[in-house]
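**Q**
There are 2 protein chains.
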Amino acid sequence: MFKRNHHLIFSNLFLLLLICTSISIIAFADEGMWTFDNPPTEQLKEYGFTPTQEWLDQVRLASVRFMDGGSGSFVSPNGLVMTNHHVAVGQLQKISTEEKNYVNTGFFTSKMADEHKCPDLEVNVLISMDDVTQRVRSAMQEDMDEVEALKARKAEIAKIEKESLDETGLRSNVISLYHGGEYWLYRYKKYTDVRLVFAPERQAAYYGGDFDNFTYPRYDLDVAFFRVYENDKPVESKNYFKWNSKGAAEDELVFVPGNPGSTDRLYTYSRLEFQRDFNYPLILKYIDRRLQILHKYMKKGPEQERRALVQIFGLENGKKALTGELSGLLDENLMAKRKTDEENFRKLIAENPEWEKEYGDAWDTIDKTIEKNVTIAKERFYRRIFGSKMAGFAQIIVRYVTEVPKPDAERLDGYHDSELPQLKFRLFSPAPIYRDLEEALLAGALQMSLDELTPDDEFIKIVLGNRTPEEIARALINGTQLDDVDLRKKLIEGGEDAVNASSDPLIVLARNLDPMMRASEKWYRENIESVLTPASEKIAKARFAVYGKDMYPDATFTLRLAYGTVKGYPMNGTKAPYKTTLYGLFDRSLSFDQKDDYSLPQRFWDRQKKLDLSTPVNFVSTCDIIGGNSGSPVINKKAEIVGLIFDGNIESLPGRFVYDEIKNRAVAVHSAYITEALHNLYKCKNLAKEIEGK
Amino acid sequence: MFKRNHHLIFSNLFLLLLICTSISIIAFADEGMWTFDNPPTEQLKEYGFTPTQEWLDQVRLASVRFMDGGSGSFVSPNGLVMTNHHVAVGQLQKISTEEKNYVNTGFFTSKMADEHKCPDLEVNVLISMDDVTQRVRSAMQEDMDEVEALKARKAEIAKIEKESLDETGLRSNVISLYHGGEYWLYRYKKYTDVRLVFAPERQAAYYGGDFDNFTYPRYDLDVAFFRVYENDKPVESKNYFKWNSKGAAEDELVFVPGNPGSTDRLYTYSRLEFQRDFNYPLILKYIDRRLQILHKYMKKGPEQERRALVQIFGLENGKKALTGELSGLLDENLMAKRKTDEENFRKLIAENPEWEKEYGDAWDTIDKTIEKNVTIAKERFYRRIFGSKMAGFAQIIVRYVTEVPKPDAERLDGYHDSELPQLKFRLFSPAPIYRDLEEALLAGALQMSLDELTPDDEFIKIVLGNRTPEEIARALINGTQLDDVDLRKKLIEGGEDAVNASSDPLIVLARNLDPMMRASEKWYRENIESVLTPASEKIAKARFAVYGKDMYPDATFTLRLAYGTVKGYPMNGTKAPYKTTLYGLFDRSLSFDQKDDYSLPQRFWDRQKKLDLSTPVNFVSTCDIIGGNSGSPVINKKAEIVGLIFDGNIESLPGRFVYDEIKNRAVAVHSAYITEALHNLYKCKNLAKEIEGK
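This is the structure in structure tokens:
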């Protein structure tokens with residue numbers, strides 16, 4: 001299964017270390033996550049196919065982004081959206097109760113009235129894209145120092161976003177492509193009334209569990225359907241993908257529109273070393289400890305298991321993904337290739353005196369900045385309250401009331417006008433909060449910080465004083481009322497006075513920590529970000545100068561188009577086939593004696609005779625994708641749906657750094673399996689007919 | 001699929017470089033290919049099982065060895081022997097014609113009278129084992145130099161074998177275990193009237209072809225049945241294995257009696273380096289070129305394809321095996337482990353002055369000898385007539401008439417009295433010889449020698465003179481009559497005079513080459529073998545001194561007992577199941593759209609409805625096996641057949657050097673698949689009943 005966008009799953013965990021640099025790359029056949037303003041037209045000529053602007057527009061407008069991480073697509077004119085079960089599973093958990101566990105049982109309805117509203121799911125459609133590079137750059141004056149320049153740039157971006165929001169009412173984000181090479185204003189139509197229509201049992205969707213996750217051959221029905229509403233009615237989705245149950249033939253050209261989360265293909269070599277030697281080990285250690293806490297917690301009973309399962313799933317997924325990515329960084333051949341590419345690029349720069357003068361010092365600047373960052377990165381990482389949603393709310397509330405009264409341009413990132421709707425959508429989510437889970441996670445996270453920081457660290461002193469992590473966590477979670485949405489609303493509405501007057505222990509703690517956190521963020525902005533941003537931009541400009549624009553930017557969780565062919569690959573001494581079939585699903589189940597992750601919902605056995613066992617289940621293509629692409633449709637030249645991306649194979653994980661056409665494969669649910677399952681396993685005839693257009 | 005014994009498949013190709021040394025090893029759980037005089041009783045205590053002497057005797061006497069390479073077992077009281085299709089395939093090809101291609105169609109009969117006699121298949125049963133170490137050693141006197149000692153040792157071995165043959169009429173072989181640590185006289189009952197009873201289509205037996213060869217999960221029906229006759233009647237095989245169609249459960253203890261070909265687990269580190277840097281690259285290059293020749297040849301037509309296929313199969317199998325083994329030698333961790341083991345062993349020796357004096361110099365001696373060998377090994381390898389069976393016959397005939405008149409002890413290896421019956425069985429085989437194939441292979445092989453040796457090399461001068469490899473090969477094969485068995489017999493009977501008088505061009509060439517070949521062999525004996533043999537023996541003695549005899553010797557294509565549990569393993573990011581099912585066979589076929597190596601014989605589709613698709617097909621266990629074990633039965637504690645070894649997984653290939661319990665797996669056909677196939681695919685009810693004992 002494909003990890004979702006790290007950036008989003010681990011929230012600020014990654015933000016901290018995401019610094020942007022670039023090296024030269026040359027795009028190989030089938031490589032690339034292309035922006036819709038710069039599609040791979042040249043590359044597609046080899047396939048004898050030229051996408052028209054109409055084709056591109058239709059594909060873009062039929063594609064959606066899930067703000068929680070993940071992609072999807074409209075598959076009927078009535079707002080029906082298809083994505084992965086694993087993109088939907090967070091919502092499934094939130095609408096489940098001790099009595100009704102939809103994660104286990106699946107969710108099905110034949111009546112529109114029974115479609116289940118999701119507590120906090122936001123879906124976006126990319127309406128327009130405008131190049132604002134010149135405007136962003138012109139905000140910076142020649143006489144500014146680096147810190148002032150960074151501030152000016154951020155202020156200008158906030159201004160563009162606010163203007164656009166005010167003018168259009170659309171979600172408006174300025175995104176940096178090519179690590180500062182270009183800035184674009186992306187406007188999204190956003191939907192927040194999203195209702196669940198169909199989800200199979202997790203056991204069918206996530207068949208093979210953590211073991212089979214990120215692997216192939218696979219047999220997963222990793223699909224869910226939502227319907228997007230506006231004004232309590234299904235939206236009219238004129239732009240949607242038609243269904244093709246036959247699927248794609250071997251070697252057929254296919255496309256994947258979706259929102260890949262992040263890649264590091266343009267990082268400098270020194271950045272990769274930092275990732276390999278510092279960042280990945282740090283995060284993997286953190287994940288392991290958090291998993292220990294959750295496993296201990298879920299032993300308390302079936303309801304605890306239900307509460308913990310989705311988090312465990314996300315962490316296991318992340319761990320397997322990061323381990324696979326790290327294996328790329330530890331691969332001497334891959335690193336040697338990256339080193340050579342960078343050396344060649346720098347040589348070309350050095351040979352041109354003008355370029356050398358303009359861009360030549362960027363790499364050394366980055367190297368020095370990374371060295372500086374290493375000295376403090378671990379401390380910055382562990383000076384942070386992990387694990388408790390309510391503690392996170394408290395921190396946001398404390399900041400909100402201070403930041404929002406300021407002029408937009410002077411606020412901290414995350415608190416600009418254009419960002420507030422989403423912030424509030426999450427902050428005021430009615431999704432349930434489990435106090436025992438919060439306490440267990442918070443205690444565990446504080447223990448980690450205690451273990452990793454010095455005992456006299458300022459953060460430890462403020463949070464723990466002389467008490468133990470368990471004591472503090474119990475006191476904080478017992479004492480807080482922040483699981484009450486109304487209280488959160490009241491504090492936001494009451495502003496700084498209300499927050500200062502609050503004696504809620506999590507609010508008090510957030511207030512006490514805020515000065516230290518601000519100082520730390522300021523240090524990072526002034527010492528790291530303000531240096532890295534212009535240095536990365538230099539390299540981006542150098543790359544354009546040397547290679548032109550026949551390239552794609554690193555992934556940014558914005559809409560991209562990947563292309564490739566349906567094709568198996570060499571695996572473990574033999575060949576992995578381009579597709580699997582239902583025969584294989586039953587084989588895998590019986591080959592493990594139907595145990596544990598390899599058991600199947602009873603309906604599969606009861607209705608086996610009704611199934612055509614030769615139905616394709618999953619298939620692979622060379623399309624270049626990564627986490628965030630989960631739920632992307634796979635479409636053919638006619639823009640018909642032939643599949644549903646849900647994973648990359650394990651060989652694709654080093655694809656974060658280098659794409660390898662030989663073994664890198666995108667794994668998708670075959671369109672035929674989805675309709676076969678709807679008809680003959682789940683008897684959801686109406687839904688099947690709706691997507692089949694019958 | 002498991003390679004067969006290299007030693008035998010590549011005949012003298014490997015003999016050349018097989019030098020015997022040893023380092024310390026400690027046997028891990030489930031590791032070991034144990035001799036029947038020293039079974040792993042201690043290790044089996046952990047499983048709560050102690051094999052009785054009766055159990056061991058019965059297992060030994062029900063096990064058979066195929067002299068062509070491979071193992072098998074009696075599975076009925078009427079001489080019925082089970083082995084692999086790939087052990088039988090050479091005979092299948094030999095009894096096939098342009099009209100009847102049993103390799104493709106399979107071979108089935110319900111009447112004993114129709115069982116098809118094989119042209120040159122010899123089957124052995126190990127009747128007794130006697131320790132003759134003292135006798136072999138006492139033949140060497142203190143005042144002998146190394147060359148004399150080697151000669152005396154060989155003479156004594158030949159004498160023991162001849163005495164035994166004369167006394168008992170049994171095939172009698174003195175084998176060196178632990179690289180000279182022990183010498184044993186093994187006596188075999190041998191059978192040469194062996195008739196084919198059943199073989200499925202190659203497409204069912206070798207399902208997945210070269211791609212799936214050596215991999216798992218697998219779906220092969222790699223089985224064949226022979227019946228052993230004496231005096232034109234089936235032998236009474238009192239010792240046979242009973243059938244258990246249920247097979248073994250996951251984690252059940254199982255055993256594999258069989259004849260593993262060769263392992264290098266006791267090699268010194270310097271020997272491994274020699275293999276890695278010299279021997280494997282040399283042989284892989286040779287195989288690649290030979291495959292090129294065969295692929296070119298088989299394009300001439302379907303009959304040429306039929307003629308070449310079994311050789312291609314053997315070479316592809318060997319190539320994949322050697323590549324996998326080489327990957328072990330290139331694995332830094334594995335090599336580091338071997339180095340550490342050797343260092344620890346040598347340290348223990350060094351700490352004991354007596355041991356150090358006795359054994360301490362052996363490693364340096366071996367290192368120096370290997371250095372010497374490297375200087376000439378490539379030349380020795382390519383000064384050799386490859387490719388033509390008839391050229392091989394000519395060389396044997398020329399030597400035979402010179403050697404056999406000598407006293408037994410003075411003859412070259414291969415021409416001792418005890419070896420003559422097998423030599424004649426092969427030399428007088430009525431199996432067909434294809435002149436066009438002989439010519440193509442001979443021309444190709446001579447071209448290789450021309451490319452690899454200097455143009456003024458003595459061998460090149462004698463063989464080619466001023467003519468091209470093609471011209472010489474055409475002249476030799478057109479001119480020879482050695483495909484006539486009677487001529488070969490006449491030359492042997494006519495002795496030196498007849499051979500000297502012969503103007504058959506292959507005999508003439510063999511005569512011209514013989515002095516050079518003898519000189520080369522003499523150099524090797526006197527400079528390499530005579531030094532390595534005592535040095536290896538020293539290390540063997542040192543190992544006994546340090547570690548006692550709780551260890552097993554390297555494989556020697558003699559009967560061994562392996563044990564282990566039925567168990568999956570971690571694979572490619574997930575788990576490989578302990579078994580596969582018929583569902584999976586149909587999945588794999590359809591997942592490749594039934595193309596090429598993944599097509600199935602039509603009967604599988606026609607009779608699919610009659611099959612229980614949940615029938616287990618193949619399964620894996622931790623049993624420690626290697627090439628030569630092909631066709632070994634897998635038995636349970638009751639000595640009932642639960643499966644049939646046919647391969648090792650690709651992760652097991654470095655097992656030639658180190659056994660890895662985590663991933664090393666023996667791959668077997670499940671007993672249930674064999675009976676299900678006999679009943680419902682092939683309708684061989686009588687055969688099924690015979691093995692089921694019904």
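Protein sequence lines correspond, in order, to chains A and B. So for the first sequence, my numbering puts the first residue at 1; every next one is plus one. So for the second sequence, my numbering puts the first residue at 1; every next one is plus one. Beta carbons: idealized from backbone N, C-alpha and C, even for Gly. A quick note: this is a predicted structure, and the numbers were derived from the prediction, not measured.
According to the Cβ coordinates, are Phe-386(B) and Met-335(B) closer than 9 Å?
**A** Along the second sequence, read from residue 1 onward, the residue named residue 386(B) stands at position 386. Along the second sequence, read from residue 1 onward, the residue named residue 335(B) stands at position 335. Going by C-beta atoms, Phe-386(B) is not nearer than 9 Å to Met-335(B).
**Q** Give the range of the alpha helix (DSSP H) segment to which Val-499(A) is assigned.
**A** Numbered from its first residue, the first sequence carries residue 499(A) at position 499. Element bounds for Val-499(A): 485–501.
**Q** Secondary structure at Lys-579(B), three-state DSSP: helix, strand or coil?
**A** Locating residue 579(B) in the second sequence gives position 579, counting from the first residue. Here Lys-579(B) sits in strand by DSSP.
**Q** Classify Lys-45(A) as helix, strand or coil using the three-state DSSP reduction.
**A** Within the first sequence, residue 45(A) is the residue found at index 45, counting from 1. Lys-45(A): helix per DSSP, three-state reduction.
**Q** Would you please verify whether the beta carbon of Met-571(B) is less than 9 Å from any beta carbon of chain A?
**A** In the second sequence, counting from the first residue as 1, residue 571(B) sits at position 571. So yes, Met-571(B) belongs to the interface.
**Q** Please state whether the Cβ-Cβ distance between Leu-196(B) and Glu-98(B) is less than 9 Å.
**A** For the purposes of this step, residue 196(B) is identified with residue 196 of the second sequence, where counting begins at 1. For the purposes of this step, residue 98(B) is identified with residue 98 of the second sequence, where counting begins at 1. Against a cut-off of 9 Å, the Cβ pair of Glu-98(B) and Leu-196(B) comes out as no contact.
**Q** Do Val-136(B) and Ser-530(B) have their C-beta atoms closer together than 9 Å?
**A** Within the second sequence, the letter at position 136 stands for residue 136(B). Within the second sequence, the letter at position 530 stands for residue 530(B). No. Outside cutoff.
**Q** Check distances from the C-beta atoms of the stretch 87–102 of chain A to those of chain B and list, in chain order, the residues that come in under 7 Å.
**A** none
**Q** Does chain A have any CB closer than 9 Å to the CB of Lys-299(B)?
**A** Taking the second sequence and counting its residues from 1, one reaches residue 299(B) at position 299. False, the Cβ-Cβ gap to chain A never drops below 9 Å.
**Q** By the 10 Å Cβ neighbour count, where 16 or more other Cβ atoms means buried, how is Lys-320(B) classified, buried or exposed?
**A** As a first step, residue 320(B) must be located in the second sequence, where it is residue number 320. Buried, by the Cβ-count rule.
**Q** Unbroken alpha helix (DSSP H) runs of length 4 or more, entirely within the stretch 204–231 of chain A: which are they?
**A** Listed in chain order, the complete alpha helix (DSSP H) runs (minimum 4 residues) inside the stretch 204–231 of chain A are 209–212.
**Q** Exposed or buried, which one is Thr-556(A) when buried takes at least 16 other CB atoms within 10 Å?
**A** In the first sequence, counting from the first residue as 1, residue 556(A) sits at position 556. Its Cβ being crowded by 16 or more others within 10 Å, Thr-556(A) is buried.
**Q** Assess, as a yes-or-no matter, whether the stretch 146–165 of chain B is touched by the stretch 234–254 of chain B under the definition of 3 or more beta carbon pairs within less than 8 Å.
**A** no
**Q** Using the Cα positions of Ser-418(A) and Lys-579(A), report the straight-line distance between them to the nearest angstrom.
**A** Numbered from 1 along the first sequence, position 418 holds the residue referred to as residue 418(A). Numbered from 1 along the first sequence, position 579 holds the residue referred to as residue 579(A). Rounded to whole angstroms, Ser-418(A) to Lys-579(A) spans 44 Å at the Cα level.
**Q** I need the DSSP call for Leu-678(B), collapsed to helix, strand or coil.
**A** Looking up residue 678(B) in the second sequence gives position 678. If DSSP states are grouped into helix, strand and coil, Leu-678(B) belongs with the helices.
**Q** Mapping the DSSP letters down to three states, classify Thr-533(B) as helix, strand or coil.
**A** Here residue 533(B) is taken as the residue at index 533 of the second sequence, counted from 1. In this structure, Thr-533(B) counts as helix in the three-state DSSP scheme.
**Q** Could one say the Cβ of Ile-577(A) lies closer than 9 Å to chain B's Cβ atoms, at least one of them?
**A** Numbered from 1 along the first sequence, position 577 holds the residue referred to as residue 577(A). Sequence check: residue 577(A) is Pro here, not Ile. By this cut-off, Pro-577(A) is an interface position.
**Q** From which residue to which residue does the alpha helix (DSSP H) around Ile-312(B) run?
**A** As a first step, residue 312(B) must be located in the second sequence, where it is residue number 312. Element bounds for Ile-312(B): 302–329.
**Q** Return helix, strand or coil for Ile-349(B), following the three-state DSSP convention.
**A** On the second sequence, residue 349(B) is found 349 positions in, with the first residue counted as 1. Helix.
**Q** With a Cβ-Cβ cutoff of 9 Å, do Leu-600(B) and Ser-589(B) count as a contact?
**A** Position 600 of the second sequence, counted from the first residue, corresponds to residue 600(B). Position 589 of the second sequence, counted from the first residue, corresponds to residue 589(B). The criterion of a C-beta distance shorter than 9 Å is satisfied by Leu-600(B) and Ser-589(B).
**Q** With C-beta atoms as the reference, is Asp-624(B) less than 9 Å away from Gly-568(B)?
**A** Position 624 of the second sequence holds residue 624(B). Position 568 of the second sequence holds residue 568(B). No, the pair does not count as a contact, with Cβ atoms beyond the cut-off.
**Q** Any Cβ of chain B within less than 9 Å of the Cβ of Ser-24(A)?
**A** Numbered from 1 along the first sequence, position 24 holds the residue referred to as residue 24(A). Summary for Ser-24(A): the model assigns pLDDT 33, below 50, so the residue's position carries little reliability; its value from the coordinates is reported in the next sentence. Not an interface residue.
**Q** On the criterion of 16 or more Cβ atoms from any shown chain inside 10 Å, does Asp-554(A) qualify as buried, or is it exposed?
**A** The residue labelled residue 554(A) in the question sits at position 554 within the first sequence. Label assigned to Asp-554(A): buried.
**Q** Within 9 Å (strictly less), CB to CB, does Asn-686(B) reach chain A?
**A** Reading the second sequence from its first residue, position 686 is the one you call residue 686(B). Put simply, the CB of Asn-686(B) is far from chain A, with every gap to its CB atoms at 9 Å or more.
**Q** Tell me whether Ser-73(A) sits in a helix, a strand or coil according to DSSP, three-state version.
**A** Against the first sequence, residue 73(A) aligns to sequence position 73. Three-state result, Ser-73(A): strand.
**Q** Just to confirm before moving on: does the CB-CB distance between Asn-84(A) and Leu-644(A) stay below 9 Å?
**A** Taking the first residue of the first sequence as 1, we reach residue 84(A) at position 84. Taking the first residue of the first sequence as 1, we reach residue 644(A) at position 644. Result yes, Cβ atoms of Asn-84(A) and Leu-644(A) sit closer than 9 Å.
**Q** For the beta strand (DSSP E) containing Ile-645(B), name the first residue and the last one.
**A** Against the second sequence, residue 645(B) aligns to sequence position 645. Residues 640–648.
**Q** Around the C-beta of Ser-630(B), are 16 or more other C-beta atoms found within 10 angstroms, so that it is buried, or is it exposed?
**A** Here residue 630(B) is taken as the residue at index 630 of the second sequence, counted from 1. Classification for Ser-630(B): buried.
**Q** Just checking: is the beta-carbon of Leu-170(B) within a distance shorter than 9 Å of some beta-carbon in chain A?
**A** Within the second sequence, numbered from 1, the residue matching residue 170(B) stands at position 170. False, the Cβ-Cβ gap to chain A never drops below 9 Å.
**Q** Compute the distance between the beta-carbons of Gln-642(B) and Gly-32(B), then report whether it is under 9 Å.
**A** For the purposes of this step, residue 642(B) is taken as the residue at position 642 of the second sequence. For the purposes of this step, residue 32(B) is taken as the residue at position 32 of the second sequence. Reading off the sequence, residue 642(B) comes out as Val, not Gln. Their beta carbons are not under 9 Å apart, which means Val-642(B) does not touch Gly-32(B) by this criterion.
**Q** How is the beta strand (DSSP E) around Tyr-191(A) delimited, first residue to last?
**A** Counting from 1 along the first sequence, the entry for residue 191(A) is found at position 191. 182–191 is the extent of the beta strand (DSSP E) around Tyr-191(A).
**Q** To the nearest angstrom, report how far apart Thr-402(A) and Glu-496(A) are at their CA atoms.
**A** As a working mapping, residue 402(A) is identified with position 402 in the first sequence. As a working mapping, residue 496(A) is identified with position 496 in the first sequence. Between Thr-402(A) and Glu-496(A), the C-alpha separation is close to 6 Å.
**Q** Under a CB-based cut-off of 9 Å, is Ile-650(A) close to chain B?
**A** Sequence index remark: in the first sequence, residue 650(A) carries index 650 (1-based). So, interface residue.
**Q** Would you identify the three-state DSSP class for Val-404(A), choosing helix, strand or coil?
**A** Along the first sequence, one-based indexing puts residue 404(A) at 404. Shown here, Val-404(A) sits in coil according to DSSP, grouped into three states, outside any helix or strand.
**Q** Compare the C-alpha of Val-718(B) against each of Gly-573(B), Leu-561(B), Ile-539(B) and Phe-646(B) and name the closest.
**A** The structure shown does not extend to residue 718(B), since chain B is modelled only from 1 to 694, so the question has no answer here.
**Q** According to DSSP, which residues form a beta bridge with Val-125(B)?
**A** If you number the second sequence from 1, residue 125(B) lands on position 125. Paired residue(s): Lys-189(B).
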